[in-house]
Each structure stands twice: as C-alpha cells, then as structure tokens.
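Notes follow the structure.
2 protein chains.
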Amino acid sequence: MSADFAATPSPPYYAVIFSSLRAEGDDGYGDAARELFAEVSKIEGFLGVESIRGANGFGITTAYFADEAAILRWREDARHKVAQERGKTGWYSHYSVRIGRIERAYEGPEGR
Amino acid sequence: MSADFAATPSPPYYAVIFSSLRAEGDDGYGDAARELFAEVSKIEGFLGVESIRGANGFGITTAYFADEAAILRWREDARHKVAQERGKTGWYSHYSVRIGRIERAYEGPEGR
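Sequence order for the protein chains is A and B.
Here the first sequence stands for residues 21 to 132, numbered as in our numbering.
Here the second sequence stands for residues 21 to 132, numbered as in our numbering.
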C-alpha cells in the first residue's frame, strides 16, 4: 500500500472532492500546492488527502474531514483563502467542488 | 471547460470515489477500462464520471449517481462484476472505495 492513499477511519466522515483543470504556466502553483498540503494536515479534524493530476492538466483531489466543522475550519484557513483567490484568478481554467458525507468504505484486494 | 468534468445536477446525489494503485503490466486493463466507461454510462441513474491516473500509477475515479439504487445497479452489472474480479486478482496493488452523499457543490471560476 502506497502513501498516496488516505488512511481514513470507519465512516461516517466527510469528503471534499476538488476536480480542476490547470491553466497554462506555473504562476507559483507548484510551491503553493505543496504548502497547502502541509497546511491542511494541521487542521483539527483533517483525516487525509488523496491527489493526482494527469499530463493533460486535469486533476482530482479528495480531502477527508471528521465533520462539517473541520471543513469550515479549512475553508476559513488564511493560507487557503489566499490560494482560493489565486485559484479563481489564474491557476485553473475550470474547477468543481463537491462536498458530501461518506457513508461506507472498503479497501482491497484482501490479503495482498 | 473540458469534457473531463462531469456535468452533475444540483445536489443531493451520490458519489463513488475509487482510488487505486495499478500493479505492473497491462493485463487487459486498458481495453477493460475503456469498456467500463461505456458500460457505466448506460446505467439508469448514472450522472457522470471524472477519472485521472498519474504517471506513478495512482489514480482517482469519481462516479456520480442519482441514488443508491443506481449504485446498486452498477455494482451488479455483469461486465462490472467481471472487472471487479480482475481488480481483486491482478490489476491493482491496492484500492479504496468510498461511497457518500453529495450535499452541496459549486464550480468556478465564475465568468471565465
């Protein structure tokens, strides 16, 4: 099992699904993304994150939180707010955010 | 906006979040994956899918459905069942499935 997987507890918990298409050019994105992964991990109630971006610029990040209060803490985080603004004004040609309650989960393959 | 984004309706609806790390070798995976994307789109209640895999073999697929009944139809789909078995026995070194109810969603950037 790779470190790419989030080690989440048994449900219920909450997911923030962020899918995005990067705009051309780095524009400070790479450094900011690394900083944000460090920042979110400090949020009380943060459970884990999984993230991947393909060569075509399309990426999906799923961040997991214990409850809605933790999501709110992340939404109001100062560095995250700066990043949200950059996201709106340059980093992405499009993005989508979906927030939901994870009700069940399982992993596999068993025994491997 | 790219065709990579799923054009989902207003919440609530359901998400199946599938994250996986591919094992070495293709083993029929590429063809089967293409076939499965065609197959899931025929499921009554299927809303859309977003999927990306990175060069490191880690991938995230988020599939959206109108309700739990649609997820059940997909789980019981004959071709999907064959793929689930292949997934357990060879395609993935690890995978994680999380199922939840999307409660709110938004897109951006506005006006671009």
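All C-beta atoms in this analysis are idealised placements derived from N, C-alpha and C, irrespective of residue type, glycine included.
### Task
Could you check how far apart the C-beta atoms of A:K108 and B:G128 are, in whole angstroms? I think they sit under 8 Å.
Sure, about 6 Å apart at Cβ, within 8 Å.
### Query
Between the segment 53-71 of chain B and chain A, which residues of the former have a C-beta closer than 9 Å to a C-beta of the latter?
Within the segment 53-71 of chain B, the residues whose Cβ lies closer than 9 Å to some Cβ of chain A are E70, S71, listed in chain order.
### Query
Which residues in the same chain have their Cβ closer than 7 Å to the Cβ of B:G68, if we skip the five residues on either side of it in sequence?
Counting only Cβ-Cβ distances below 7 Å, and skipping sequence neighbours, we find A26, A27, T28, Y84.
### Query
Buried or exposed: which applies to A:D51, given that a residue is buried once 16 or more other Cβ atoms fall within 10 Å of its Cβ?
Under this definition A:D51 is an exposed residue.
### Message
Just verifying my parser: in three-state terms, what is the DSSP assignment at B:G120?
### Response
Of the three classes helix, strand and coil, the one that applies to B:G120 here is strand, per DSSP.
### Query
Quick one: what's got a C-beta closer than 6 Å to B:S39's C-beta in the same chain, skipping five residues either side?
Leaving aside the five residues that flank B:S39 on each side, the residues in its chain whose CB is nearer than 6 Å to its CB run, in chain order, I80, S116.
### Query
In chain A, which residues lie with their C-beta within 7 Å of the C-beta of B:K108?
Simply G128, P129.
### Query
Which chain B residues are close to A:I91, counting only those with a beta carbon under 9 Å from its beta carbon?
Those within 9 Å of A:I91 in chain B number zero; the least Cβ separation is about 10 Å.
### Query
Given that A:A35 touches chain B, what residues does it touch there, using C-beta distances under 9 Å?
Those are A35, I37, R118, G120, I122, listed as they occur along chain B.
### Task
Would you mind telling me which residues of chain A sit closer than 9 Å to B:R73, beta carbon to beta carbon, in chain order?
The answer, in chain order, is I72, G74.
### Query
Are the beta-carbon atoms of A:T82 and B:I37 separated by less than 8 Å?
Against a cut-off of 8 Å, the Cβ pair of B:I37 and A:T82 comes out as a contact.
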